[in-house]
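Just below is one structure, and these are the notes that go with it.
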Amino acid sequence: MALHLTNSFGGHKETFVPQDPNDVRMYVCGPTVYNFAHIGNARPAVVFDVLARTLRRRFAKITYARNLTDVDDKINAAANATGVPIGVITERYTEAYHADMTALGVQPPTVEPKVTDHIPEIIDLIRRLIANGKAYVAESHVLFHVPAFKEYGKLSRRSPADMIAGARIEVAPFKKHPADFVLWKPSTAEQPGWDSPWGWGRPGWHIECSAMIERHLGPSIDIHGGGQDLIFPHHENEIAQGTRARYWIHNGFVTVDGRKMSKSLGNVLRVRDLLSQAPGEAIRYALLTAHYRQPLNWSAEGLQQARRSLDRLYGILDILHDTVASEDTGNYLDGFHAAIDDDLNTPAAFAELFRLARLAQHEPSSVIRGKLKAGLIQAGESLGLLQQKPADWFRQSTAAEGVADIEEIETLIALRGKARAARAFEEADRLRQQLEELGVIVEDKHGHTGWRRMSS
55 MALHLTNSFG GHKETFVPQD PNDVRMYVCG PTVYNFAHIG NARPAVVFDV
105 LARTLRRRFA KITYARNLTD VDDKINAAAN ATGVPIGVIT ERYTEAYHAD
155 MTALGVQPPT VEPKVTDHIP EIIDLIRRLI ANGKAYVAES HVLFHVPAFK
205 EYGKLSRRSP ADMIAGARIE VAPFKKHPAD FVLWKPSTAE QPGWDSPWGW
255 GRPGWHIECS AMIERHLGPS IDIHGGGQDL IFPHHENEIA QGTRARYWIH
305 NGFVTVDGRK MSKSLGNVLR VRDLLSQAPG EAIRYALLTA HYRQPLNWSA
355 EGLQQARRSL DRLYGILDIL HDTVASEDTG NYLDGFHAAI DDDLNTPAAF
405 AELFRLARLA QHEPSSVIRG KLKAGLIQAG ESLGLLQQKP ADWFRQSTAA
455 EGVADIEEIE TLIALRGKAR AARAFEEADR LRQQLEELGV IVEDKHGHTG
505 WRRMSS
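Heads up, the sequence shown is in this note's numbering, so the first residue is 55 and it goes up one at a time.
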């Protein structure tokens, strides 16, 4: 089955056909490193990690670039507030971002370009835009002249009036047109800056990604991704600057308990704070429970449900611990792959995971159980899940839940196993009851006892 993705340029689901199947090229807008990552930052990292895994399954080579914006007015403000150079801020939060994304199972991209390493490329691209009559210099600024690009607005499907209204906050007297946007702006002595033909200054936001894409991926790429909020003006402006992508892919917003995340509401949820409440794998699962193009409503209940779902799946893998995973999964993964290939339909993919788990739990044939176990592990890997040993998952999950210590649970399970072997069934029942009082359900299948937490 072919891979289908919804292309924001046109808004239709399309068959994915790369320019070069021997080197698929994808660029995703990464974070501005001035603070800790929140779940809104984490969603595109996780979503496009799943897409990258899907592409690697299909194609020989994937070149995946995800940038770091390390020069920005927000970074300047954070540096001024703490009295340190911007490099201290960006290094601190880059390291934190990497740690948080690793905890969520996000694999590193092929290349992770930083804006400050690409100033010459940015200056060169601006020179070419001026030479082509698409940009102009005004009062030490360089601006892109939107009327010079006739197709401006096609990605976001906005009218010229809407675009002008959206640009009002940037209107300056030296602009030729209200929608014109900054490519280069002057810096004061206290602000970060670089020498350029237009004076001491720094790049505008939009030109940075266009220059880094051209440098690392070439003049035309297969996929350009990011959050829905980047469609306008960021990605619209990239297209005007010359960025060419065959498929523009965008994930939906994250809300918290039905409300938009904002500092004023005090509901901005940082990944590292959530990691003190639940394992990273549970956070990743929760981020994938909604289709990537749809809004995701985050809640404490949803996170707990994600953890219980993983308990169930790891519990089945624990029951299958003596089963040798087969190299042949037969056709058991057909439904899972169909779901993923249908525009990364992760809710349907999760349904297939649980179908495989139910089949494995009740399958008497060791040969078929081996195929089902392999299917669970392979499908899990495609989603970035189920790659731990079950005991390791339960150890961290139980610790986060605050229920009985895993060693106590395993001791009681071992005692119950000895009682059953000695046909001391009353003692075995008593130990089962004791485990239930600790919030643990034991499951006896195929000669092995597994366990999971009770659903609350």
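Ideal Cβ placement from N, Cα and C applies to all residues, glycine included.
Under a Cβ-count criterion, where at least 16 other Cβ atoms within 10 Å of its own Cβ denotes burial, should residue i be classed as buried or exposed?
| i | result |
| --- | --- |
| arginine 222 | In this prediction, arginine 222 has a pLDDT of 47, which is less than 50 and means its spatial position is unreliable; nothing more can be read from the coordinates. |
| proline 401 | exposed |
| threonine 465 | exposed |
| alanine 414 | buried |
| asparagine 305 | buried |
| glutamate 434 | The amino acid occupying residue 434 in the given sequence is glycine; glutamate does not appear at that position. When all chains shown are included, glycine 434 counts as buried. |
| methionine 266 | buried |
| leucine 410 | buried |
| valine 71 | exposed |
| histidine 416 | exposed |
When the Cα of residue i is compared with those of the options, which residue comes out closest?
| i | options | result |
| --- | --- | --- |
| lysine 188 | Val236, Ala215, Tyr147 | Val236 |
| proline 227 | Ala192, Ser250, Thr60, Trp238 | Ala192 |
| alanine 202 | Arg211, Ser210, Leu183, Phe63 | Leu183 |
| isoleucine 119 | Ala99, Phe307, Leu341, Met80 | Note on residue identity: the sequence assigns alanine, not isoleucine, to residue 119. Nearest option by C-alpha distance: Met80. |
| glutamate 205 | Pro232, Arg412, Phe63, Val196 | Phe63 |
| histidine 58 | Trp447, Asp396, Arg300 | Asp396 |
| alanine 445 | Leu367, Ile261, Asn399, Tyr386 | Leu367 |
| alanine 243 | Ala233, Asp234, Trp254, Asp483 | Trp254 |
| proline 287 | Phe307, His260, Met266, Ala475 | His260 |
| serine 194 | Asp74, Leu489, Pro257, Glu497 | Pro257 |
| glycine 424 | Glu381, Phe390, Leu407, His391 | Glu381 |
| threonine 86 | Asp249, Tyr190, Glu481, Glu166 | Glu166 |
| glycine 369 | Arg338, Ala393, Arg412 | Arg412 |
| tryptophan 238 | Ile180, Leu319, Cys263 | Ile180 |
| alanine 233 | Cys263, Phe198, Glu262 | Phe198 |
| tyrosine 386 | Ala403, Thr377, His375, Ser250 | Ala403 |
| glycine 272 | Arg298, Ile394, Leu485, Ser419 | Arg298 |
| valine 200 | Asn321, Ala294, Val378, Arg361 | Ala294 |
Would you tell me roughly how many angstroms separate the C-alpha atoms of residue i and residue j, rounded to the nearest one?
| i | j | result |
| --- | --- | --- |
| glycine 296 | lysine 314 | 33 Å |
| glycine 280 | glutamate 292 | 13 Å |
| glutamate 68 | aspartate 276 | 13 Å |
| histidine 66 | isoleucine 285 | 15 Å |
| glycine 84 | serine 213 | 28 Å |
| valine 138 | glutamine 432 | 46 Å |
| valine 100 | glutamine 441 | 16 Å |
| leucine 329 | aspartate 154 | 8 Å |
| valine 494 | glutamine 487 | 9 Å |
| serine 436 | glycine 429 | 11 Å |
| alanine 135 | leucine 439 | 39 Å |
| alanine 332 | leucine 342 | 15 Å |
| glutamine 245 | tryptophan 302 | 34 Å |
| leucine 323 | alanine 114 | 37 Å |
| aspartate 216 | serine 210 | 11 Å |
| lysine 229 | histidine 270 | 32 Å |
| arginine 470 | alanine 478 | 9 Å |
| glycine 207 | glutamate 290 | 6 Å |
| arginine 347 | tyrosine 339 | 16 Å |
| isoleucine 177 | aspartate 171 | 12 Å |
| isoleucine 422 | aspartate 372 | 16 Å |
| alanine 157 | aspartate 388 | 29 Å |
| valine 516 | serine 318 | Here the chain covers residues 55 to 510 and nothing more, so residue 516 does not appear. |
| valine 40 | valine 160 | Here the chain covers residues 55 to 510 and nothing more, so residue 40 does not appear. |
| glutamate 462 | aspartate 498 | 19 Å |
| aspartate 327 | leucine 426 | 36 Å |
| valine 104 | valine 496 | 33 Å |
| proline 75 | histidine 152 | 29 Å |
| lysine 443 | alanine 336 | 15 Å |
| isoleucine 467 | threonine 503 | 8 Å |
| tyrosine 88 | asparagine 130 | 9 Å |
Which partner residues does residue i have in the DSSP bridge list?
| i | result |
| --- | --- |
| tryptophan 447 | Answer by DSSP bridge pairing: none, since tryptophan 447 is not bridged. |
| asparagine 305 | Gly281 |
| proline 255 | In the sequence as presented, proline is not what sits at residue 255; that position holds glycine. Answer is Pro240, Trp248, bridged to glycine 255. |
| leucine 57 | Beta-bridge pairing links leucine 57 to no other residue. |
| histidine 66 | Asn61 |
| asparagine 351 | Thr309 |
| isoleucine 275 | Ala299 |
| isoleucine 116 | Val78 |
| alanine 189 | Phe198 |
| valine 165 | Ala119 |
| aspartate 372 | Partner(s): none; aspartate 372 has no beta bridge. |
### Query
Do the stretch 118-132 and the stretch 357-368 meet, that is, are 3 or more Cβ pairs less than 8 Å apart?
In this structure the stretch 118-132 does not lie against the stretch 357-368, because fewer than three pairs of beta carbons, one per stretch, are closer than 8 Å.
### Message
Would you call the stretch 340-355 in contact with the stretch 306-326, where contact means no fewer than 3 C-beta pairs closer than 8 Å?
### Response
With the cut-off at 8 Å, the stretch 340-355 and the stretch 306-326 touch.
#### Entry: Inter-stretch contact at 8 Å, needing at least 3 Cβ pairs: the stretch 96-112 / the stretch 138-150
no
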